[in-house]
Amino acid sequence: STKPRQTRSRKTPPSVNKALAIVDTLIIGAGFAGLGSAIRLKQAGLENLLIIERSDKVGGTWRDNTYPGAACDIPSNLYSYSFAQNPNWSRGFSNSSEILGYIHYLVDHFKLSNLIKFNHNVSSLSFDEQTGLWTVALADGEFYQARTIISAAGPLSNFSFPKIAGLENFKGKKIHSANWDHDYKIEGKRVAVIGTGASAIQIIPELVKTAEFVKVFQRTPGWVTPRPDYKTPEWNKIIFRKLPATQTAMRKALYWTHESMALAVIWNSPLTKVAEQLAKSHLKRQVKDVWLRRQLTPDFKIGCKRVLVSNDYYPALQQPNCKLITWPIVKITEHGVQTMEGVEHVVDCIVFATGFDVSKSGTPFPITGINNRNLAEEWSRGAQAYKSINVSGFPNLFFTFGPNSGPGHNSALVYMESQIDHAIRLIKTIIDQEIKVLDVKPEIQAEYNQKIQKRLTKTNWNSGCKSWYLTEDGFNSTMYPGFATQYQNQMKNIDLSDYSLI
Ligand code: N01
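If you use the UniProt record's numbering, the sequence shown corresponds to residues 20 to 521, in order.
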């Protein structure tokens, strides 16, 4: 049945102490991964499912990141599900509203809306070995129960303001890139942008169009490569519509182009130097001023931080109303940003393109497993899982974008799809074989992680720069050290002897 087995009105007082519903699979998050999981579960005939979403809309990161210029730096034909190709992408690289439109299309086309519970904020997850059920408590005191959980809460779903002295003293407008205030008019304003990462380089070219001036505070310059964007001709869309195989072929070509980039950005190889030369030529072509070019030249290996993709960032920095500031920030004052050489940069608005709090990305709420094990505690010195989706001691629980699943060179959606299909095959086994507890064996998880960590030592991510991929101690529990093809292959192979089954 598509309906949860047991439901009752949300108005019933919590004192009755009954689950709002007991379902086979409960998905946390209605972003790309959560919705994709629901689609694949339905297609596998596992329709007894619910999606819990803390906000009032679907879309996850593409709902939240609506800053001016928000777009994707991976081509749309690859940044979409292979089982739901969109022949109508208007550009090679889509903007965030078109991607959000695609997400809404998924909800409508695969009839997901009646499965989503909005404004449901998960406060904890706990597993009961006796019943083999997870209890999913909500912030309002109600709860659900589920045999299996897919946690698709997103690794970059909680934005963070940096710890800069005096932040609270600023009397002007503070905006974070992931929480843009569209009611605030940038036109004619004096703006500071802190950060020069993937978000900032998309925002700055838009702000310089209307602001009185934009001061860009750069701590570390990133590697910027050209963005081969184009407007899709109508004939191309018609061909994709009439002959879907041509779009599949295009997707394959994009996939293998990105796969080859792994050789340049994941490991230090002769191709790393080639990629750095390409980025340097891009910089030289776009920035004629030698001093500015020097300030924009990175001093770490390409790939160590996320590679930036832009044609309009460098030109924007050279607009008469834009200025790159490389003096370190000392503090935020009432009126602006003070830098080390003693200048106070007075502004009306500070844009924080300073990234996300990833410290709790797998455990944004307490997760209690077998014998009261607490996942946040176990992950406090660095998260680890088996094949990025299962954690020993936390049975029947599946993560999307769990530990060491991040791509540095290919589309996140490719990784996501294989995580989802892997999880669903195990969920099907649990449901069909009436398994109460499917728990990865600790020694299997340990062995897997030893190999992952060993491989990571040889990657550019661990070559000395600081990034959100690493913890303060330099532990990398974020990235997958290999090709997407390797990742997909490991996810395709399921060996039930890796798990304890009860
Ligand atoms: O955040 P970031 P982001 N003082 O953490 C600087 C995804 N994404 O939002 O490099 C001064 O990368 C910091 O400086 P430094 C993508 O996965 C995807 O840009 O640490 N500066 C850096 O410049 C990406 O990796 C798309 O020295 C401070 C910046 O702020 C992830 O989101 C588009 C500071 C933060 O960069 C995050 O990107 C956009 C301080 N105290 C984002 N603290 C796509 O197109 C931080 N900074 C798919």
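Where is the CB? At the ideal position from N, CA and C, for every residue including glycine.
- Where Q164 is concerned, the enclosing beta strand (DSSP E) starts and stops at 162-170.
- With respect to V459, N391 sits apart: the two C-beta atoms are not nearer than 7 Å.
- With a cut-off of 6 Å, the C-beta of D92 is classified as near the ligand N01, since at least one heavy atom of the ligand falls inside that distance.
- In this structure, DSSP gives F51 a helical state, which the three-state scheme calls helix.
- Per DSSP, the continuous alpha helix (DSSP H) segment holding V293 begins and ends at 289-305.
- Remark: the shortest separation between the CB of W487 and any heavy atom of the ligand N01 falls under 6 Å.
- Relative to the ligand N01, S95 has its C-beta separated by 6 Å or more from all heavy atoms.
- Contact annotation: I122 and I46 have beta-carbon atoms that are not nearer than 7 Å.
- DSSP assignment within the stretch 417-458 yields the following whole alpha helix (DSSP H) runs of 4 residues or more, N-terminal first: 431-451.
- In the DSSP assignment, K342 falls within the beta strand (DSSP E) that extends over 341-344.
- Distances from the CB of P181 to the heavy atoms of the ligand N01 include at least one below 6 Å.
- Comparing C-alpha distances from W346 to each of M359, Q337, G355, D75 shows the shortest one belongs to M359.
- In the three-state reduction of the DSSP assignment, S132 falls in the helix class.
- Taking all protein chains in view, the Cβ of N105 is crowded by 16 or more other Cβ atoms within 10 Å, so the residue is classified as buried.
- Looking at N287, D200, A230, the one whose alpha-carbon comes closest to that of G207 is A230.
- Inside the stretch 177-202, DSSP marks whole beta strand (DSSP E) runs of 3 or more residues at positions 192-195, from first to last along the chain.
- Here H139 carries a coil assignment [DSSP, helix/strand/coil].
- Annotation: H428 to E353 spans about 41 Å, alpha carbon to alpha carbon.
- The three-state reading of DSSP puts Q314 in helix, counting H, G and I together.
- Inclusion of V366 and G355 in the CB contact set at 7 Å is warranted, their separation being smaller than that value.
- Here K193 has I369 as same chain residues with Cβ atoms under 6 Å from its own Cβ, once five neighbours each way along the sequence are excluded.
- For Y488, there is no enclosing beta strand (DSSP E), as DSSP marks it with neither H nor E.
- Not one heavy atom of the ligand N01 is found less than 6 Å from the C-beta of L65.
- Look at S407: its beta carbon is at least 6 Å from all of the heavy atoms in the ligand N01.
- Taking the Cα of S176 as reference, the smallest distance to any Cα among K455, K182, S196, V328 is reached at S196.
- With contacts defined by Cβ atoms closer than 7 Å, I471 and N423 form a contacting pair.
- Under the three-state reduction of DSSP output, K350 falls in the strand class.
- Burial state of V293 is exposed, judged by a 10 Å Cβ sphere holding fewer than 16 other Cβ atoms.
- In the three-state scheme derived from DSSP, where H, G and I count as helix and E and B as strand, T44 is classed as strand.
- With a cutoff of 7 Å on beta-carbon distance, A402 and I223 are scored as not near each other.
- Within the same chain, and ignoring the five residues on either side of I449 in sequence, the residues whose Cβ sits closer than 8 Å to its Cβ are R166, T167, N415, L457.
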